[in-house]
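Novice: Line by line, the protein sequences are chains A and B.
Position one of the first sequence corresponds to residue 1 (the working numbering), numbered consecutively onward.
Position one of the second sequence corresponds to residue 1001 (the working numbering), numbered consecutively onward.
Positions of the beta carbon are idealized from the N, C-alpha and C atoms, including for glycine.
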Amino acid sequence: MPTGAMDRKQRALGTTSAVSSPAQDSFLKKTSLFFQREQVMGYTLIAPAFILLGVLVAWPFCMALYFSVTDSWVGQPGSFIGLRNYWNLLHDGIFIQTLQNSFVFTFSAVILKTVLGMTLAMLLFRTVRFKKWVRGAVLLPWVIPTALSTLGWWWMFDSLYSVFNWTLINLGIVQVGPNWLGTPYLAKIAVITVNVWRGLPFFAITILAGLVSIPQELYEAAKTDGAGAWARFWYITVPMLKPVLAIVILFSTIFTFSDFNIVYVLTRGGPINSTHLFATLANQVGLQSGKIGEGAAVSLFMFPILVMVVYFQLRFVRKE
Amino acid sequence: MKMRTRKFLGQLFTLHLPLVPFILFALFPFYFMVVTSFKSDGELYDLKAVPFLIQRGATLEHYHLLLADTPFLTWLFNSVLVSVLATGISIVIAILAAYSLARLRFRGAPSFGTAVFITYLVPTTLLFLPLAQVVNRLGLADSVWALILTYPTFLVPFSTWLLLGYFRTIPQEIEECAMVDGCTRFQALIRIVLPVAIPGIVCAVLFAFTISWNEFIYALTFISSTAQKTTTVGVTAELIRGDIFYWGSLMAGAVLGSIPIVLVYVVFMDYYVSGLTQGAIK
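#1: Tell me which residues share the same chain as Thr1074 of chain B and place their Cβ nearer than 7 Å to its Cβ, disregarding the 5 neighbours each side in the sequence.
#2: Can Thr1070 of chain B and Glu1176 of chain B be called in contact, C-beta distance under 9 Å?
#3: Can you name the start and end residues of the alpha helix (DSSP H) that Pro145 of chain A belongs to?
#4: Using the C-alpha atoms, what's the distance from Ser32 of chain A back to Arg11 of chain A?
#5: Do the stretch 1150 to 1157 of chain B and the stretch 267 to 287 of chain A meet, that is, are 3 or more Cβ pairs less than 8 Å apart?
#6: Using only CA atoms, which one of B:Phe1077, B:Leu1121, B:Arg1105 lies nearest to Val57 of chain A?
#7: Among all the DSSP beta bridges, which residues are the ones paired with Asn39 of chain A?
#8: Sort A:Thr114, A:Leu148, A:Phe61 by Cα distance to Ser1258 of chain B and report the nearest one.
#9: Return helix, strand or coil for Thr275 of chain A, following the three-state DSSP convention.
#10: Does Gly75 of chain A come within less than 9 Å of chain B when only Cβ atoms are used?
#11: Does any residue of chain B have a CB that is nearer than 9 Å to the CB of Arg318 of chain A?
#12: Among all the DSSP beta bridges, which residues are the ones paired with Lys1039 of chain B?
#13: Rounded to the nearest angstrom, how far is the Cβ of Ile207 of chain A from that of Val244 of chain A, given a contact under 8 Å?
#14: Run the proximity test for Ala1132 of chain B: is its beta-carbon closer than 8 Å to any non-hydrogen atom belonging to the ligand FAD?
#15: Please report whether the beta-carbon of Thr1074 of chain B lies at a distance below 9 Å from any beta-carbon of chain A.
#16: In whole angstroms, what separates the C-alpha of Val310 of chain A from that of Leu250 of chain A?
#17: Since Phe1167 of chain B contacts Ala1115 of chain B with CB under 8 Å, what's their CB separation in whole angstroms?
#18: Looking at chain B, is there any beta carbon in it that lies within less than 9 Å of the beta carbon of Leu306 of chain A?
#19: Taking the alpha helix (DSSP H) that Phe105 of chain A belongs to, which residues open and close that run?
#20: Is Thr1070 of chain B helix, strand or coil when you go by DSSP?
#21: Is Phe175 of chain A helix, strand or coil when you go by DSSP?
#22: Counting only beta-carbon atoms, is Phe1030 of chain B nearer than 9 Å to chain A?
#23: CB-CB under 6 Å to Thr16 of chain A, same chain, minus the five flanking residues each way: which ones, in chain order?
#24: When you check each C-beta in the stretch 1158 to 1185 of chain B against every C-beta of chain A, which residues fall closer than 8 Å?
#25: If I measure Cβ to Cβ from Ser1249 of chain B and keep anything under 7 Å in the same chain, skipping five residues before and after, which residues do I get?
#26: Between Asn261 of chain A and Val194 of chain A, what straight-line distance do the alpha-carbon atoms span, to the nearest angstrom?
#27: Grab me the residues of Gly228 of chain A's own chain with a C-beta within less than 7 Å of its C-beta, minus the 5 sequence neighbours each way, in chain order.
#28: Helix, strand or coil for Gly286 of chain A, going by three-state DSSP, please let me know.
#29: In chain order, what residues of the same chain lie with their CB nearer than 6 Å to the CB of Thr267 of chain A, ignoring the 5 residues before and after it?
#30: Distance, Cα to Cα, Thr1119 of chain B vs Asp1142 of chain B?
#31: With 9 Å as the threshold, decide whether the Cβ of Asp158 of chain A is near any Cβ in chain B.
#32: Using DSSP with H/G/I as helix, E/B as strand and the rest coil, what is Thr70 of chain A?
#33: Evaluate Thr237 of chain A with the Cβ neighbour count: other Cβ atoms within 10 Å of its Cβ, from every protein chain shown; 16 or more gives buried, anything less gives exposed.
#34: Along chain A, which residues have their Cβ under 9 Å away from the Cβ of Ala1094 of chain B?
#35: For Asp1041 of chain B, is the classification buried or exposed, using 16 other Cβ atoms within 10 angstroms of its Cβ as the cut-off for buried?
#36: Under 9 Å, Cβ to Cβ, is there at least one residue of chain B near Phe312 of chain A?
Structure (structure tokens):
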């Protein structure tokens, strides 16, 4: 290192640590003030999040768009084929089946979760004894890793040792138990059941919070005006819960529609593709068969559907 | 006395009895997993035996097989490593971003807020295919670091959203006082806002940790070597070989893989309940 540079460096170090020259001082102050300005500070604090989401969410999203218009295989760039992947999918029996499955699955699961969640929330609202433990027990399915609890359900639906079949046989209801995961419509029911089991706590606890926030005076006033239990539920509880319900249903619709874990562990999309959802099909086409272009197109089909769901739900919430 | 019995009966039929099926529905799968994991193979695969109970003596053989013959402890270690690091990184990033969005006025702040909310709603299953390619290109394929890097993509939007709601409830005056007394804004954030926001931060940490521990699709698709897997994927993918299922060990793995998160949950139950409702309502 040339001595001049060394000298300068030492001087610089000296000035910051010991006595500072007025020029240096004002420079530091300026820098510090610069970062204190709201504009600058705002951008600085948000930069890490912005960079992260840009590089690992926005960029992969663009990559997915790009893959979906090529005939790429895993690890090999393909050539541009326009919208042919999408076109082929719309003429593919398995994809159409998946599309149907996804709507049936999401629709039934969300409705069941809403109705059962509402019922459970109203019961929890009135629970006084062991309140904490009851709520704790109800929330448990939501906390445990879904992949692992679904293994438990898999065992419960086992073709030979199913605990449900054992019960049905020993109660004398059936002679031979059904093959839950080997029969298309039963497998659908199984997958929906596990999804409801896992999603119910979220509905119940959130709706419960909504119930707690309804002022009790409304009910008392309605009571003195002679409104019955049903009228109070329909004209006070339901309208007051609408905003909470809208948000819960929005979240649940998105995450039910895009579910992967339950189907992957329980049925892998079978039997005969009767339980495939977008995510499991995308995984099968994109990674297991290696057709990443087509797989990306399968995933991306979710996007416009989800955008529409979000749009309508948010418009509904705003209006309320 | 009569009034009390009537009230008791009323409550029994309209409240306690209807709650029973819900609680059974919620807890039975766990009960059954635990029972299965302690049952000897002879009883487990006997169609005449009552599946709900252990009648021929409990056994630890499934747990022994799991711990001695499979890399279960490695998977557990990987899960801890990934969850702790991904949570730590995400919470720091989220605190900065949430503070910035809650307090500072700068051009584009509302759009950033919307962008965070939108990425919060993007399901992981939408992007796993291209993200696997990104991870490959970064040379992180088949390593737990791929997960530590990618988990923040869903933890940061979620935690930012949760903390944003929390920061907004803290009165701005206490910071302004500190700044009048000569604190810089950053010092005010560290010394004044964070201590007040601790309940919110604990909540965000718990949720981020739980979500990382439970994550499945990234861990399944980004990693293929056994030694780099996390618990959820290891138990699900590696314990099933061919057509022979070791149901006892499989259930033992599911139970042991859930216990850490259940312990955290039991200790911090109130935070889970409040965080769940806040995330959705705010």
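Specialist: According to the data block:
#1: Here the set comprises Ala1227.
#2: No, the pair does not count as a contact, with Cβ atoms beyond the cut-off.
#3: Premise fails: Pro145 of chain A is in no alpha helix (DSSP H) and is neither H nor E.
#4: The predicted model places Arg11 of chain A with a pLDDT of 42, which falls under 50 and marks its position as unreliable, so this point remains unresolved.
#5: Too few Cβ pairs lie closer than 8 Å, so no.
#6: Looking only at B:Phe1077, B:Leu1121, B:Arg1105, the smallest Cα-Cα distance to Val57 of chain A is reached by B:Leu1121.
#7: The identity of residue 39 of chain A in the sequence shown is Gln, whereas the question assumes Asn. Partner residues in a beta bridge of Gln39 of chain A, as assigned by DSSP, do not exist.
#8: Considering only alpha carbons, the answer is A:Leu148.
#9: Correct three-state label for Thr275 of chain A: coil.
#10: Output row for Gly75 of chain A: interface = yes.
#11: Under the Cβ distance rule, Arg318 of chain A does not count among the residues neighbouring chain B, no pair being separated by less than 9 Å.
#12: Residue pairing from DSSP places Lys1039 of chain B in a beta bridge opposite B:Ala1058.
#13: For Ile207 of chain A against Val244 of chain A, the beta-carbon gap comes to about 6 Å, under 8 Å, which counts as contact.
#14: No copy of the ligand FAD appears in this structure; indeed no ligand is present at all.
#15: Closer than 9 Å: no.
#16: Rounded to the nearest whole angstrom, the CA to CA distance from Val310 of chain A to Leu250 of chain A is 7 Å.
#17: Rounded to whole angstroms, the Cβ separation of Phe1167 of chain B and Ala1115 of chain B is 18 Å, and the two are not in contact under 8 Å.
#18: Residue-level contact check: Leu306 of chain A touches chain B, since one or more beta carbons of chain B fall below 9 Å from its beta carbon.
#19: Here the alpha helix (DSSP H) through Phe105 of chain A covers 93 to 126.
#20: The answer is coil: DSSP assigns Thr1070 of chain B none of H, G, I, E or B.
#21: Correcting the residue identity first, residue 175 of chain A is Gln in this sequence and not Phe. The answer is coil: DSSP assigns Gln175 of chain A none of H, G, I, E or B.
#22: Answer yes: the Cβ-Cβ gap between Phe1030 of chain B and chain A drops below 9 Å somewhere.
#23: Because Thr16 of chain A carries a pLDDT of 41, less than 50, the predicted location of this residue cannot be relied on, and the following value inherits that uncertainty. Correct list: empty, nothing qualifies.
#24: Correct list: Thr1160, Thr1184, Arg1185.
#25: The residues are His1062, Leu1065, Leu1066, Leu1239.
#26: Computed Cα separation, rounded: 11 Å.
#27: Nothing listed; no residue qualifies.
#28: Assigned with DSSP and collapsed to three states, Gly286 of chain A falls in helix.
#29: Cβ neighbours of Thr267 of chain A beyond the five flanking positions: Leu181, Ala187, Thr275.
#30: Rounded to the nearest whole angstrom, the C-alpha separation of Thr1119 of chain B and Asp1142 of chain B is 25 Å.
#31: It does: the Cβ of Asp158 of chain A has a partner Cβ on chain B nearer than 9 Å.
#32: Taken through DSSP and simplified to helix, strand or coil, Thr70 of chain A comes out as strand.
#33: Buried, by the Cβ-count rule.
#34: Simply Ala49.
#35: Exposed: under 16 other Cβ atoms inside 10 Å.
#36: Not a single C-beta of chain B is nearer than 9 Å to the C-beta of Phe312 of chain A.
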